[in-house]
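At position 14 of the sequence shown (counting the first as 1) the number is 14 in the UniProt record's numbering, and the numbers step up by one without a gap.
For glycine and all other residues, C-beta sits at the position ideal for the given N, C-alpha and C.
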Amino acid sequence: MSAKEVGESLNLGGNAFQEGNDSPSQVSNNNERTVESDMESLFGGDISDDDPTYQPPDIIQMPSEADSNDSKLITLEELLNPDFVHAAEERKKISRRNAIARLFGNKQKPPKDNKNNESLLVAQSITVELFQRCWKVLKPRARWHQRNPETWKVNVVKRQRAEGLPYVTKKKFRSSKNPKPVDCSKCKFECNDKVTDEERQIICRKY
């Protein structure tokens, strides 16, 4: 074997050794590329892979001031202000009304019919009248005893006794008061001539 052939065989062996023994940095790069390719195949690649014309937006759309009012920081003074609390409650009420209106719509009550109202009033009046008539027939008839002391038996007896009229007690019958006959022939006052029999009866009964 000539010297030239020996040199070529050595060069081929060195290249084969270099290809078989890569450096650690090259091995780690190869592993990272393998993992990235596996992840892209599992979850899909970047949008730019499918659409070469895709470009990420340079400007991020920020919410306007009107939209960011809800996320605005509230100070302690505003929180303690009753006007702020009242305004917040009103906003909540308005939002609830709007939500209910969107769900159920603005349903208006149908106008009342005057004819139906008149018929209802007539029916009510007839019902009341029938009830009153039935109550007059069915209600219990109570006897109201009015107090009249003049008709009491005890009081009648007392009155007859005071007036000198005949009366009845528990024991027996009592006759009326009558003046007894008096002989005034020898009386110097002459009572029989000056006092009549009727006057004597009245005086006898009252005294």
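For this session: With DSSP as the reference, label phenylalanine 189 as helix, strand or coil.
Result: For this step, residue 189 is matched to residue 189 along the sequence shown. The three-state secondary structure of phenylalanine 189, taken from DSSP, is coil.
Exercise. In three-state terms, what does DSSP make of arginine 147?
Worked result: The residue labelled residue 147 in the question sits at position 147 within the sequence shown. Of the three classes helix, strand and coil, the one that applies to arginine 147 here is coil, per DSSP.
For this session: Name the one or two DSSP bridge partners that valine 168 has.
Result: By one-based count along the sequence shown, residue 168 stands at place 168. BP columns for valine 168 point to Phe173.
Exercise. Does DSSP classify residue 216 as helix, strand or coil?
Worked result: This structure gives no information on residue 216, because the portion of the chain shown stretches from 1 to 207.
Exercise. Expressed to the nearest angstrom, what Euclidean distance is found between the alpha-carbon atoms of proline 181 and proline 149?
Worked result: In the sequence shown, counting from the first residue as 1, residue 181 sits at position 181. In the sequence shown, counting from the first residue as 1, residue 149 sits at position 149. For proline 181 and proline 149, the distance between alpha carbons rounds to 38 Å.
Problem set entry | Alpha carbon of aspartate 193 to alpha carbon of cysteine 187, nearest angstrom | On the sequence shown, residue 193 is found 193 positions in, with the first residue counted as 1. On the sequence shown, residue 187 is found 187 positions in, with the first residue counted as 1. For aspartate 193 and cysteine 187, the distance between alpha carbons rounds to 11 Å.
Exercise. CB-CB under 6 Å to residue 215, same chain, minus the five flanking residues each way: which ones, in chain order?
Worked result: The displayed coordinates of the chain run from 1 to 207. Any statement about residue 215 would go beyond what the structure contains.
Exercise. Does DSSP classify glycine 117 as helix, strand or coil?
Worked result: Within the sequence shown, numbered from 1, the residue matching residue 117 stands at position 117. As written in the sequence, residue 117 is asparagine, which differs from the glycine given in the question. If DSSP states are grouped into helix, strand and coil, asparagine 117 belongs with the helices.
Exercise. Distance, Cα to Cα, residue 233 vs glutamine 146?
Worked result: Residue 233 falls outside the range modelled here, since the chain spans only 1 to 207, and no answer is possible.
For this session: Take arginine 102 and list the residues in its own chain whose beta-carbon comes closer than 8 Å to its own, dropping the five residues that flank it on each side.
Result: Locating residue 102 in the sequence shown gives position 102, where the first residue counts as 1. If we look at arginine 102 and ignore the five residues flanking it on each side, it has no Cβ neighbours.
Exercise. In chain order, what residues of the same chain lie with their CB nearer than 6 Å to the CB of cysteine 184, ignoring the 5 residues before and after it?
Worked result: By one-based count along the sequence shown, residue 184 stands at place 184. Same-chain partners within the cutoff: Cys191 and Asn192.
Problem set entry | Length of the line joining the Cα atoms of threonine 196 and valine 168 | Counting from 1 along the sequence shown, the entry for residue 196 is found at position 196. Counting from 1 along the sequence shown, the entry for residue 168 is found at position 168. So the two alpha carbons sit approximately 29 Å from each other.
Exercise. What number of angstroms, rounded off, separates the C-alpha of lysine 172 from the C-alpha of phenylalanine 189?
Worked result: Here residue 172 corresponds to residue number 172 of the sequence shown, with the count starting at 1. Here residue 189 corresponds to residue number 189 of the sequence shown, with the count starting at 1. Spanning the two alpha carbons is a distance of roughly 39 Å.
For this session: Give the secondary structure of threonine 75 by DSSP, where H, G and I count as helix, E and B as strand, and everything else as coil.
Result: One-based indexing of the sequence shown puts residue 75 at position 75. Note: threonine 75 maps to coil in three-state DSSP.
Problem set entry | Close beta carbons around tryptophan 135, own chain, < 6 Å, minus the five adjacent residues each side | Position 135 of the sequence shown, counted from the first residue, corresponds to residue 135. Once the five neighbours on either side are set aside, tryptophan 135 has no close Cβ partner at all.
Exercise. Would you say glutamate 90 and phenylalanine 84 are within 8 Å of each other, going by their C-beta atoms?
Worked result: Your numbering for residue 90 matches position 90 in the sequence shown. Your numbering for residue 84 matches position 84 in the sequence shown. Cβ atoms of glutamate 90 and phenylalanine 84: not closer than 8 Å.
Problem set entry | Cutoff 7 Å; reference arginine 205; Cβ partners in own chain excluding five residues on either side | Here residue 205 refers to the residue found at position 205 when the sequence shown is read from its first residue. Excluding sequence positions up to five before and after arginine 205, its CB lies within less than 7 Å of the CB of Glu163, Gly164 and Lys177, all in the same chain and listed in chain order.
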